[in-house]
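Residue numbers (our numbering), protein chains in the order written: chain A, 46 to 746; chain B, 19 to 237.
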C-alpha cells in the first residue's frame, strides 16, 4: 500500500501538474545542466549522459552535499535499484540489478578497488568528502573492464580544483552514536599545476540492536583516509596525473561474550596517468596503477587472555595499461587498450601464495551512422593461466525517435574470475571439515589419504580427474532495453528492462568423506540463475528552486535449478515437530536477500534568496528472505522473511556569509530498526542503527 | 519483523498431519479387515503400527573435530521402545549419527556391534507418499560410513542448528527382516531449540512399522 502511494506520487503527480510557464523559466538551466552531465565510465571516453546507449546514472556533487552523505554506501542506498547488503562478516556490498556485490566492479577515477572480504567490497570504507560525482553504469561491462563488471560498474570521480590559488574546505559532522566525520580539503592551482590533498577521519561508538545481549551489532571503530593528487598539464596536449590514497581503520572485534579482539585494515592505491594528444585524430594514455589491501584480526579468550584465533589477508594488484583513441571523423571513433593485471594474495588457510598474471586487450568502436543513431561495439580478451580465458563482446545502440523520445538497447557478456579462495583454499574448519580450492584438490586429497585423514579410496566420492581442468569464471549475458522520454525539457522519464542470464555459478561440493566423520569440500561450476526486472526513473525540475524525483525497480531473481526442483515436486518443507510436505511451484520465492520492489522518492528545495536548501528522501524496500529456516536449501514461502520497510531522511543546510554552511538533519526519522522480538529471533538488518540526529559545519576558504 | 505465514502454516500443517494420520489408520484398518477376510486359512495379519517417538535422548562424547565416543541409544520397532539388548535392536542413535543393525562398524569408538541383517536407505518424498518398500535399494553400514548419515542439514554459525532435511524419509529393514519407515521431526528437546541451541540430541520421529514378515507395503 505504502509503496503504491509513492509510485503514484512519483509517476503521476509530475504529469498532472505540468505548467508551461514554469517550464519556460527553467529551460535554460536544465539545458546547461544536461550538457554538463558528462560521464566517462560507460565508454571510457567523455560522453554526455543523455546521449549514452547504456543505462547509466550520475550522482552529482550537489546531491552529495545537500543530503550530507559522508560514505559511499549511504548515498548509493538512496538510488533506484541499488541497495547495500551485509555479508556474514559485516562487509556492506552493493546489489545492482539483483546481482551480488561480487559482480559489481567499483572504481576510483577509473581504476579498481581491491580487498573483497568473502567476495564483498565494503563500501562504507569509502569517504565521499572529495568526490565530484559518482557514475553508475548498469549491465555487463566486461567488454571494457574485464572481471567483476558483470552486473555493472560504479566509478567514483574525485574532485579537482579549477580556480587559481589556494582553496579548501573544512567539514565536521557530529551525530548520534558519537558518529564523527571530519573532512579537510586543500587545493592549490597555479596555471598548469593543480595540487590537491584530502584527509578524512571517521569514527563511531558503534551500536547494539539486540538488548538481550551485550554484544555490539557494530563495534566501535575509527578510520582515516588520506588522498593527494597532482595534475600537471605539461602542454595543452600533454597531461599528467599522479594520485595516492591511503586508508587505515582500527576496530574492536567482539563477536561473542567469551572472546574479544581487534581488527585492522590498511589499504593504499597509487595511480599515475599520462595522456598525449598527437593530432586531431590520435591520442594515447599511459596508466600505471598499484593497490595493496591488508587486513588482520585476532581474538583472545576473555577468561585467560589466551589466543582464540588470528587471521590475515594481504592482496596486491599491479596494472600497467596503455590506451589509444583514434577519431576517424566527426561521426566515428575507436579506442583500444592493452594491459596486464598482476595479483598476489597471502592469507591464512591458503596452501600457497598464488600469483595471477593476466594480460588483456580490448577495443571499442563508437559510431553515428546518422544523426539519430548511435552504435557502440566492443570486445575484450582476458587471458589467464589459472582459469579459463574470457572473450567478452558487447553491442549497444541508441536511437532518437523524436526530439522527446529515444530508445536504447544493449547486450553484453560479463564474467567474474574465480576468486583466490575458490582456487587455493586449504581450510580446516573448527567442526572438522576441510575446504579445498579447486586447484589444490589434486595435491591435497592424496596427501590426506596418506596421512589417514581420509581412510581409503572409497571415501573419495568425486573422481579426482574432475579437477584436472580449469574452473570456469562465473559468467552472464546481460540484456538492457530502455526508453527515455522528455515530454517537456524539465521532466525526464526513463524506463529500462533488464535481464541477466548467469551460468557457471560456483558452488561447493562434497569431494571425500573424512575419517573424523566430516567431509572434504571443494568448488565446481554448477548453478544457473537469472535476474530480470524493470527500472523506472523520473525527475522533474518544477522550478529553479524545486525538484522532485522518483524511482522504482521491480526485480525477479531466481535459481534455475530451484525452479526445476519445485516444478518436478522435489522440494519439500517442514515445520518444527511436524512432518514434511511437498512444495508447489509458486512457493518458490527466489534468491535470498532480493526484494521484488524497491522505490524512492525525493524532494529538493533550494532558496537562493535566503541561502538555504532542504530535502526529504524516502526509500522503500519490500520483503525479502534471509534464512532458509526449514533447511531445504531453497527460499520458499515458509521461510523467515524480513518485512518491508521504509526509511525517511531529511536535511536542511544554510549558508552564512558565503563561506560558512551549517547543516542539520535526521537520518531514519521514524527510528526503524530490526530488533529481535524473541529468543530465537535475530537482527537481520545490522546496518540500520535507528534514528540519527546530526549537525555539520562546513567552512569554505 | 518475521513472517507470520510461518506460524499459521505450522498450525494448518499439524492439523493436516493429524488428518492424514487418521486417514491412514482408516485405510490401514480397511486393508487389514479386507485382507484377513480373504485369507481365512492363513495366520491373521498383524496391524501396521504408526507411532511418534518423542525426545529419544542420544548423547555423545567428543565431537567438534575430536573423536566421538559414547554408547548408542538403541531402538526396537516391534516393541516401539528403546532397548539395551545387544541383539534385539534395529536402529541406534548417538548425536547426529544413526546406525542400523546390519553391516559392519564404520570404525568410530563404542559403535554397537551389528548382529542382525538390517538395512536402510533414504528416499525423497512426504512421509505418506512412501507406501511401498523398494527392496533392491537397501544398503548396510560399512567401513566407509553409515547409510543414514544424510538425514539433516547443518545451519552453520551462529546457531549451528541441526534440522532434519525436509522430504528425507528413512526406510529401514529391521534386524529380523521386517520393514519400517521413519521421518525425523526434530533433534531438539520438545521439538524446539532453546535460545542457546544446546537442548539438542533429543530425537522426535514418526514411524510406521510393518510387523508382517515379507510384507513390503506400508498401507
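C-beta: ideal position from N, C-alpha, C; glycine also.
Classification of residue i by the beta-carbon crowding that lies within 10 angstroms, buried from 16 upward
| i | result |
| --- | --- |
| residue 280/A | exposed |
| residue 87/A | buried |
| residue 742/A | exposed |
| residue 702/A | exposed |
| residue 492/A | exposed |
| residue 107/B | buried |
| residue 197/B | buried |
| residue 254/A | buried |
| residue 446/A | exposed |
| residue 738/A | exposed |
| residue 222/B | buried |
| residue 120/A | buried |
| residue 655/A | exposed |
| residue 173/A | buried |
CB contact below 9 Å: residue i versus chain A
| i | result |
| --- | --- |
| residue 185/B | yes |
| residue 210/B | yes |
| residue 145/B | yes |
| residue 222/B | yes |
| residue 237/B | no |
| residue 127/B | no |
| residue 161/B | yes |
| residue 170/B | yes |
| residue 203/B | yes |
| residue 206/B | yes |
| residue 234/B | no |
| residue 91/B | no |
C-beta neighbour in chain B for residue i, strict 9 Å
| i | result |
| --- | --- |
| residue 66/A | Residue placement at residue 66/A cannot be trusted, given a pLDDT of 41 that sits under 50; the coordinates are not used to answer. |
| residue 611/A | no |
| residue 417/A | no |
| residue 678/A | yes |
| residue 504/A | yes |
| residue 163/A | no |
| residue 735/A | no |
| residue 255/A | no |
| residue 23/A | Nothing about residue 23/A can be reported from this structure: the residues present for chain A run from 46 to 746 only. |
| residue 345/A | no |
| residue 675/A | yes |
For residue i, the residue or residues it bridges with in DSSP
| i | result |
| --- | --- |
| residue 210/A | 234/A |
| residue 600/A | 578/A |
| residue 149/A | 197/A |
| residue 238/B | Here chain B covers residues 19 to 237 and nothing more, so residue 238/B does not appear. |
| residue 366/A | 332/A, 384/A |
| residue 689/A | Paired residues: none, contrary to the question. |
| residue 719/A | Partner(s): none; residue 719/A has no beta bridge. |
| residue 573/A | Answer is none; residue 573/A lacks a bridge partner. |
**Asked** If we count Cβ pairs, one from each stretch, closer than 8 Å, do we get three or more for the stretch 336 to 352 of chain A versus the stretch 308 to 321 of chain A?
**Response** Output reads yes: the stretch 308 to 321 of chain A touches the stretch 336 to 352 of chain A.
**Item:** the stretch 381 to 393 of chain A contacting the stretch 359 to 370 of chain A, beta-carbon criterion three pairs below 8 Å
**Value:** yes
**Asked** Should the stretch 507 to 523 of chain A be regarded as contacting the stretch 181 to 195 of chain A, the criterion being three or more beta carbon pairs within less than 8 Å?
**Response** yes
**Request:** Identify each residue in the stretch 568 to 581 of chain A for which the Cβ-Cβ distance to at least one residue of chain B is less than 9 Å, and report them in chain order.
**Result:** none
**Request:** Count the CB pairs spanning the stretch 632 to 641 of chain A and the stretch 663 to 682 of chain A that are closer than 8 Å, and state whether there are at least three.
**Result:** Yes, they touch.
**Message:** With a threshold of 8 Å, are at least 3 pairs of Cβ atoms found where one atom belongs to the stretch 283 to 295 of chain A and the other to the stretch 260 to 270 of chain A?
**Reply:** yes
**Prompt:** Would you call the stretch 593 to 607 of chain A and the stretch 122 to 133 of chain B in contact, with 3 or more CB pairs under 8 Å?
**Reply:** No, the stretch 593 to 607 of chain A is not in contact with the stretch 122 to 133 of chain B.
**Inter-stretch contact at 8 Å, needing at least 3 Cβ pairs: the stretch 101 to 108 of chain A / the stretch 120 to 135 of chain A** = yes
**Prompt:** Mind listing which residues of the stretch 620 to 649 of chain A have their C-beta closer than 8 Å to chain B's C-betas, in chain order?
**Reply:** 620, 621, 622, 623, 624, 625, 626, 627
**Validate contact between the stretch 182 to 193 of chain B and the stretch 157 to 170 of chain B using beta carbons, cut 8 Å, 3 pairs** = yes
**Request:** Mind checking the stretch 353 to 365 of chain A against chain B and listing, in chain order, the residues whose C-beta falls within less than 8 Å of any C-beta there?
**Result:** none
**Prompt:** Counting pairs of beta carbons, one from the stretch 488 to 508 of chain A and one from the stretch 546 to 566 of chain A, are three or more of them closer than 8 Å?
**Reply:** yes
**Asked** Any chance the stretch 190 to 201 of chain A sits against the stretch 210 to 222 of chain A, with 3 or more Cβ pairs inside 8 Å?
**Response** no
**Message:** If contact is defined by three or more beta carbon pairs under 8 Å, each pair taking one atom from either stretch, is the stretch 219 to 236 of chain A in contact with the stretch 245 to 264 of chain A?
**Reply:** yes
**Request:** May I ask you to verify whether the stretch 149 to 164 of chain B touches the stretch 583 to 599 of chain A, counting CB pairs closer than 8 Å and requiring at least 3?
**Result:** Cβ pair count under 8 Å is below three, so no.
**Item:** Given 8 Å, three or more beta-carbon pairs between the stretch 66 to 86 of chain B and the stretch 111 to 119 of chain B
**Value:** Yes, since at least three Cβ pairs between the stretch 66 to 86 of chain B and the stretch 111 to 119 of chain B fall closer than 8 Å, the two stretches touch.
**Message:** Counting only Cβ-Cβ distances shorter than 9 Å, please list the residues of the stretch 543 to 560 of chain A near chain B, keeping chain order.
**Reply:** So the close ones are 558, 560.
**Request:** Could you run through the stretch 124 to 138 of chain A and flag, in chain order, every residue whose CB is less than 7 Å away from some CB of chain B?
**Result:** none
**Message:** With a threshold of 8 Å, are at least 3 pairs of Cβ atoms found where one atom belongs to the stretch 613 to 633 of chain A and the other to the stretch 675 to 695 of chain A?
**Reply:** Under the Cβ criterion (8 Å, minimum of three pairs), the stretch 613 to 633 of chain A counts as touching the stretch 675 to 695 of chain A.
**Prompt:** Three or more beta-carbon pairs under 8 Å between the stretch 697 to 712 of chain A and the stretch 167 to 184 of chain A, yes or no?
**Reply:** Counting Cβ pairs under 8 Å, fewer than three are found: no touch.
**Request:** Count the C-beta pairs between the stretch 477 to 497 of chain A and the stretch 533 to 547 of chain A that are closer than 8 Å, then say yes if the count reaches three, no if not.
**Result:** no
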